[in-house]
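Data block below; observations after.
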Amino acid sequence: MFIRSLASLCLAAACSLALAQGAVHYKENEQVDPQEVARILDARPMKLRSIRLTDDDGPLQAAAPTALSLPVRFAFDSAQIAPSARVQLDALAEGVKLLPPQRGVQIDGHTDAVGNDAYNQQLSQRRAVAVKQYLVQVHGIDAARLQTAGYGKSQPIEGSSAYAPENRRVQFRGL
Numbered sequence: 322m323f324i325r326s327l328a329s330l331c332l333a334a335a336c337s338l339a340l341a342q343g344a345v346h347y348k349e350n351e352q353v354d355p356q357e358v359a360r361i362l363d364a365r366p367m368k369l370r371s372i373r374l375t376d377d378d379g380p381l382q383a384a385a386p387t388a389l390s391l392p393v394r395f396a397f398d399s400a401q402i403a404p405s406a407r408v409q410l411d412a413l414a415e416g417v418k419l420l421p422p423q424r425g426v427q428i429d430g431h432t433d434a435v436g437n438d439a440y441n442q443q444l445s446q447r448r449a450v451a452v453k454q455y456l457v458q459v460h461g462i463d464a465a466r467l468q469t470a471g472y473g474k475s476q477p478i479e480g481s482s483a484y485a486p487e488n489r490r491v492q493f494r495g496l
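Using this note's numbering, the first residue of the sequence shown is number 322, and each one after it goes up by one.
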């Protein structure tokens with residue numbers, strides 16, 4: 322009985338943490354709503370103080386996502402943003418403009434697993450910087466509000482193959 326309760330507690334904690342770290346993954350050509358962008362980027366990750374399991378608790382509710390990712394297209398082997406990616410980035414920029422002025426945004430570049438680690442890390446960093454420059458130069462977003470990082474192939478989307486094309490993405494979260 323004790324072991325089953327402990328296992329349930331661990332499962333609930335893992336599920337809550339996974340739900341708290343949720344991200345919305347847009348597909349190519351999927352319409353991005355600036356209002357939804359602002360809601361997601363202004364969300365605060367859920368903090369857990371304690372976990373209480375009782376027989377009358379309802380089902381686990383999914384926490385609101387705290388990040389979103391776009392499948393930003395770039396020219397092959399470069400950080401040049403493809404024209405097809407601009408529609409989603411423009412909508413994202415409008416969402417960032419809806420945030421309070423003091424709210425920052427983290428821009429994380431990711432790649433799939435094709436290529437070596439060092440190359441992918443550098444490429445993902447260059448691409449995150451290119452997106453930041455686009456948001457600053459085209460949309461006038463204050464550069465001080467935007468931070469960048471490149472993760473290469475180290476953080477594939479959960480449940481996907483590391484080689485899957487959806488891992489070639491730029492992820493955004495509020496700071």
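Think of the CB as a built atom: it goes at the ideal place given N, C-alpha and C, for glycine as much as any other residue.
Would you identify the three-state DSSP class for residue i, choosing helix, strand or coil?
i: A414; result: helix
i: I462; result: coil
i: R494; result: strand
i: L362; result: helix
i: V353; result: coil
i: V435; result: coil
Is residue i buried or exposed, if buried means 16 or more other CB atoms sit within 10 Å of its CB?
i: S445; result: buried
i: D463; result: exposed
i: D429; result: buried
i: F397; result: exposed
i: G343; result: buried
i: P477; result: buried
i: P386; result: buried
i: L433; result: Correcting the residue type first, residue 433 is Asp in the shown sequence and not Leu. The residue in question, D433, is buried, as its Cβ has 16 or more Cβ neighbours within 10 Å.
Going by DSSP, which residues form a beta bridge with residue i?
i: T387; result: Paired residues: none, contrary to the question.
i: F395; result: I402
i: V426; result: L467, G495
i: A344; result: A388
Short of 8 Å in beta carbon distance, which residues of its chain neighbour residue i, apart from the five on each side in sequence? Order them along the chain.
i: L419; result: P355, Q356, V358, A359
Can you give the Cα-Cα distance for residue i and residue j, rounded to whole angstroms?
i: E293; j: A451; result: Residue 293 is absent from the structure shown; the chain starts at 322 and stops at 496.
i: G461; j: V417; result: 11 Å
i: N488; j: V353; result: 18 Å
i: Q458; j: P404; result: 15 Å
Cutting at 6 Å between CB atoms, please list the residues of its own chain near residue i, excluding the five before and the five after it.
i: Q468; result: Q427
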